[in-house]
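Participant: Numbering (my numbering), first residue to last: 5 to 340. Yeah, the Cβ is synthetic: ideal placement off N, Cα and C, and Gly gets one too. Note that the structure is a prediction, hence the values are computed from the model and not measured. The structure under discussion is supplied below as structure tokens; questions concerning it will follow.
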Ligand code: UT7
């Protein structure tokens with residue numbers, strides 16, 4: 005069985021900077037509240053007038069990752085696109101990206117695992133590569149949240165945390181080597197808590213799926229029981245980190261850097277405390293980008309590489325929890 009290696013990464017953020025003070029012009033919130041409760045100082049959103057979808061952001065990030073990997077688009081055997089904000093309800097954004105890359109019949113699949121889109125996506129890519137079915141996989145996590153948020157005070161708890169953006173990775177099968185590549189992945193879900201974080205409408209169990217009344221009630225906007233999701237994250241993330249370490253046969257000290265999903269700085273600080281990690285072992289950038297869901301880990305990973313925090317032989321753990329509920333962790337070691 006081959007080993008899954010990462011050959012290139014890329015990220016792309018739209019250019020419209022939205023500060024906490026900007027949000028306070030539209031809804032009853034404040035820079036102080038947002039910083040204290042989430043750590044977020046600003047985020048980037050696509051242009052207000054529209055015209056930019058998740059596949060567009062994903063395309064920009066993909067071009068950078070492909071370039072760094074030295075791949076041409078037709079080197080790609082499979083596209084995996086993780087998003088909760090696809091361009092359309094269907095077809096998936098992976099198909100749209102495939103066309104934008106100038107490809108004709110390369111397979112593409114979408115993963116709808118929200119904040120766990122990265123860990124689910126990498127685990128899926130790794131399984132395809134190990135099975136021998138596909139050898140070169142482009143993974144993209146991309147979100148356009150801003151066009152689907154309630155910017156009135158009604159939506160303030162959810163709206164202030166989300167940002168738009170995209171991250172991409174080129175994953176490739178290499179000859180087996182037990183000491184590097186994707187070392188372990190662990191995935192979980194718990195549908196019991198599906199209503200804790202969701203966008204309900206359009207809803208297939210209702211006819212019509214979207215009505216004037218539903219729009220008035222704001223059921224097409226995301227809703228969240230923030231405290232409950234927060235508590236699940238703080239409890240689950242240390243457990244899944246240990247589960248991944250056990251699976252890989254590694255210990256905490258073997259991990260050079262933890263890159264958690266960027267949902268709330270306080271969640272990551274609680275994780276850091278629970279795992280007794282020094283500041284230099286955990287990477288956070290939510291302050292600048294907000295929560296970009298499926299894009300948050302690949303954006304952070306790309307930045308961590310750029311800052312020289314990960315190099316030859318480094319071992320990194322990615323982990324996250326979000327809607328579903330879904331959560332998981334992946335351990336990756338760079339070639340030595
Ligand atoms: O990435 C996907 C997974 N999502 C997460 O992991 C998010 C997890 N949850 C969170 O990050 C936090 O729960 C939030 C940031 C969403 C909220 O922070 P919190 O500390 O849990 O606040 P809260 O919901 O308990 O609300 C505290 C107060 C409430 O007012 P009262 O009832 O105490 O008078 C809210 O109405 O803060 C109020 N509030 C706000 N005030 C100003 C809620 N949102 C805002 C806001 N600005 N944006």
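Which one of 290, 287, 83 has the shortest CA to CA distance from residue 69?
Facilitator: Reading the chain shown from its first residue, position 65 is the one you call residue 69. Considering only alpha carbons, the answer is 83.
Participant: In this structure, does DSSP put residue 211 in helix, strand or coil?
Facilitator: Translated into the one-based positions of the chain shown, residue 211 becomes position 207. The answer is coil: DSSP assigns residue 211 none of H, G, I, E or B.
Participant: Taking only runs that begin and end inside the stretch 62-112, name each unbroken beta strand (DSSP E) of 3 or more residues, in chain order.
Facilitator: DSSP runs (the beta strand (DSSP E)) wholly in the stretch 62-112: 82-86.
Participant: In terms of alpha-carbon separation, which member of 160, 173, 190, 80 lies closest to residue 4?
Facilitator: The question about residue 4 has no answer, for the chain in this structure spans 5 to 340.
Participant: Closer than 8 Å is the cut-off here; do at least three beta carbon pairs connect the stretch 324-334 with the stretch 110-127?
Facilitator: Verdict: yes, contact present.
Participant: Evaluate the contact criterion for the stretch 201-216 versus the stretch 238-251: three or more CB pairs, one atom per stretch, below 8 Å.
Facilitator: With a cut-off of 8 Å, the stretch 238-251 and the stretch 201-216 do not count as touching, because too few Cβ pairs lie within range.
Participant: Counting only the same chain and skipping the five closest in sequence on each side, list residues whose C-beta sits under 7 Å from that of residue 178.
Facilitator: The count along the chain shown starts at 1 and reaches residue 178 at position 174. The answer, listed in chain order, is 6, 7, 9, 185.
Participant: CA-CA distance, residue 259 and residue 194?
Facilitator: In the chain shown, counting from the first residue as 1, residue 259 sits at position 255. In the chain shown, counting from the first residue as 1, residue 194 sits at position 190. For residue 259 and residue 194, the distance between alpha carbons rounds to 27 Å.
Participant: Can you name the start and end residues of the beta strand (DSSP E) that residue 16 belongs to?
Facilitator: Taking the chain shown and counting its residues from 1, the one referred to as residue 16 is at position 12. Segment 7-16, the beta strand (DSSP E) holding residue 16.
Participant: If you draw a straight line from the C-alpha of residue 150 to the C-alpha of residue 60, how long is it?
Facilitator: Locating residue 150 in the chain shown gives position 146, counting from the first residue. Locating residue 60 in the chain shown gives position 56, counting from the first residue. So the two alpha carbons sit approximately 14 Å from each other.
Participant: Does the Cβ-Cβ distance between residue 102 and residue 110 come in under 8 Å?
Facilitator: In the chain shown, counting from the first residue as 1, residue 102 sits at position 98. In the chain shown, counting from the first residue as 1, residue 110 sits at position 106. In contact: residue 102 and residue 110 (Cβ atoms closer than 8 Å).
Participant: Beta carbon of residue 201: closer than 7 Å to some heavy atom of the ligand UT7?
Facilitator: Translated into positions along the chain shown, residue 201 becomes position 197. Yes, the beta carbon of residue 201 sits closer than 7 Å to at least one heavy atom of the ligand UT7.
Participant: Are there 16 or more other CB atoms within 10 angstroms of the CB of residue 63, so buried, or fewer, so exposed?
Facilitator: In the chain shown, counting from the first residue as 1, residue 63 sits at position 59. Counting Cβ neighbours within 10 Å, residue 63 comes out buried, since at least 16 surround it.
Participant: Closer than 7 Å to a non-hydrogen atom of the ligand UT7 - does that hold for the CB of residue 148?
Facilitator: For the purposes of this step, residue 148 is taken as residue 144 along the chain shown, with counting starting at 1. No, the beta carbon of residue 148 sits no closer than 7 Å to any heavy atom of the ligand UT7.
Participant: Given that a residue counts as buried once 16 or more other Cβ atoms are within 10 Å of its Cβ, and exposed if not, what is residue 294?
Facilitator: Locating residue 294 in the chain shown gives position 290, where the first residue counts as 1. Result: buried.
Participant: If I follow the unbroken alpha helix (DSSP H) through residue 279, where does it start and stop?
Facilitator: Walking along the chain shown from the start, residue 279 turns up at place 275. First-last of the alpha helix (DSSP H) with residue 279: 269-279.
Participant: For residue 46 and residue 308, I'd like the C-alpha separation in whole angstroms.
Facilitator: Working through the chain shown from its first residue, we reach residue 46 at position 42. Working through the chain shown from its first residue, we reach residue 308 at position 304. So the two alpha carbons sit approximately 19 Å from each other.
Participant: So is the beta-carbon of residue 161 under 7 Å away from any non-hydrogen atom of the ligand UT7?
Facilitator: The sequence position of residue 161 within the chain shown is 157, counting from 1. Yes, the ligand UT7 has a heavy atom inside 7 Å of this Cβ.
Participant: Report, in whole angstroms, the separation of the C-beta atoms of residue 320 and residue 256, which I expect to be a contact under 8 Å.
Facilitator: The residue labelled residue 320 in the question sits at position 316 within the chain shown. The residue labelled residue 256 in the question sits at position 252 within the chain shown. The pair is not a contact, with the Cβ atoms about 13 Å apart (cut-off 8 Å).
Participant: Considering only residues of the same chain and omitting the five flanking positions on each side of residue 129, which have a CB-CB separation below 6 Å?
Facilitator: Residue numbering aside, residue 129 sits at position 125 when the chain shown is read from its first letter. 84, 141, 143, 175, listed in sequence order.
Participant: Let's see if you can read the secondary structure: which residues bound the beta strand (DSSP E) around residue 264?
Facilitator: Along the chain shown, one-based indexing puts residue 264 at 260. Note, residue 264: beta strand (DSSP E), 261-264.
Participant: Determine the DSSP secondary structure at residue 179, reduced to helix, strand or coil.
Facilitator: Position 175 of the chain shown, counted from the start, is the residue given in the question as residue 179. The answer is coil: DSSP assigns residue 179 none of H, G, I, E or B.
Participant: How would you write the range of the beta strand (DSSP E) that residue 193 sits in, first residue to last?
Facilitator: Position 189 of the chain shown, counted from the first residue, corresponds to residue 193. First-last of the beta strand (DSSP E) with residue 193: 185-193.
Participant: Can residue 10 be considered in contact with the ligand UT7, in the sense that its beta carbon sits closer than 7 Å to one or more heavy atoms?
Facilitator: Taking the chain shown and counting its residues from 1, one reaches residue 10 at position 6. No, the beta carbon of residue 10 sits no closer than 7 Å to any heavy atom of the ligand UT7.
Participant: Return the bridge partner residues of residue 174 from the DSSP annotation.
Facilitator: Stepping through the chain shown from its first residue, residue 174 is reached at position 170. According to DSSP, residue 174 bridges with 12, 142.
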